[in-house]
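Taking our numbering, the leading residue of the sequence shown gets 116, the next gets one more, and so forth. Since the structure comes first, as structure tokens, the remarks are kept for the end.
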Amino acid sequence: MNKRQELILQIVKEGGPITGEQIADQLNLTRATLRPDLAILTMAGFLDARPRVGYFYTGKSGTQLLTENLQKLYVKDFQSIPVVVSENVSVYDAICTMFLEDVGTMFVVDHNSKLVGVLSRKDLLRASIGKQELTNIPVNIIMTRMPNITMCKKEDLLIDIAQKLIEKQIDALPIVKETENGFEVVGRITKTNITKAFLSLAKDQ
């Protein structure tokens with residue numbers, strides 16, 4: 116908050132409920148000048164306003180408001196496009212795809228385009244160590260298989276997915292839609308997506 120917003124908040128704390136005109140009089144400013152500051156403080160949750168009553172302090176701290184806002188961030192609002200490969204693709208081709216797409220995790224699907232596995236950088240690095248012919252090894256031999264795949268849905272809260280990534284020590288999750296034949300991959304959520312979301316939230320405070 117800027118200095119004027121801090122002053123407004125203090126005035127409302129001490130004298131609320133109070134009208135915009137009364138706040139403007141105390142600061143020797145016009146109502147129009149204060150309107151953007153009052154709107155910001157109200158949208159941020161520090162103040163509330165009621166018709167014919169005025170503004171009053173909500174009593175919520177910045178930490179409380181941040182927690183409330185975190186509960187409004189959903190996977191669907193920050194997801195990105197998934198990188199998907201067939202289960203019959205060779206490890207060599209998967210390495211090339213990962214490099215070209217610049218991702219750390221890819222999702223493996225069967226002939227029905229249903230999720231059957233996940234490939235990480237570690238999986239591909241582990242497979243490339245040794246004298247195996249990578250063009251002859253299909254990714255379904257080295258991938259993490261169902262039911263050991265951690266997934267999420269568009270409606271999940273971002274804060275819950277962040278917790279899963281930390282607990283599982285992984286970089287990304289497939290976003291899936293459940294069908295009769297299995298799980299269809301409809302997106303991905305990564306540590307980068309979540310970091311961007313939290314930064315955007317911080318900038319809005």
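Think of the CB as a built atom: it goes at the ideal place given N, C-alpha and C, for glycine as much as any other residue. Here the structure is a predicted model, which means the values were calculated and not measured.
By alpha-carbon distance to L215, the top candidate from K229, H226, V200 is V200. Beta-carbon to beta-carbon, Y207 and T259 are separated by about 19 Å, too far to satisfy the 8 Å threshold.
For K292, the enclosing beta strand (DSSP E) has its first and last residue at 287 to 294. Here the region 227 to 235 makes contact with the region 282 to 296; the two share three or more CB pairs at distances below 8 Å. Its Cα nearest to that of L162, the residue L124 stands out among L124, V198, T134, E136.
DSSP places V218 in the coil class of the three-state scheme, outside both helix and strand.
The DSSP-derived three-state label of P151 is helix. In this structure, DSSP gives D275 a helical state, which the three-state scheme calls helix. The secondary-structure analysis by DSSP pairs A312 with nothing; it has no beta-bridge partner.
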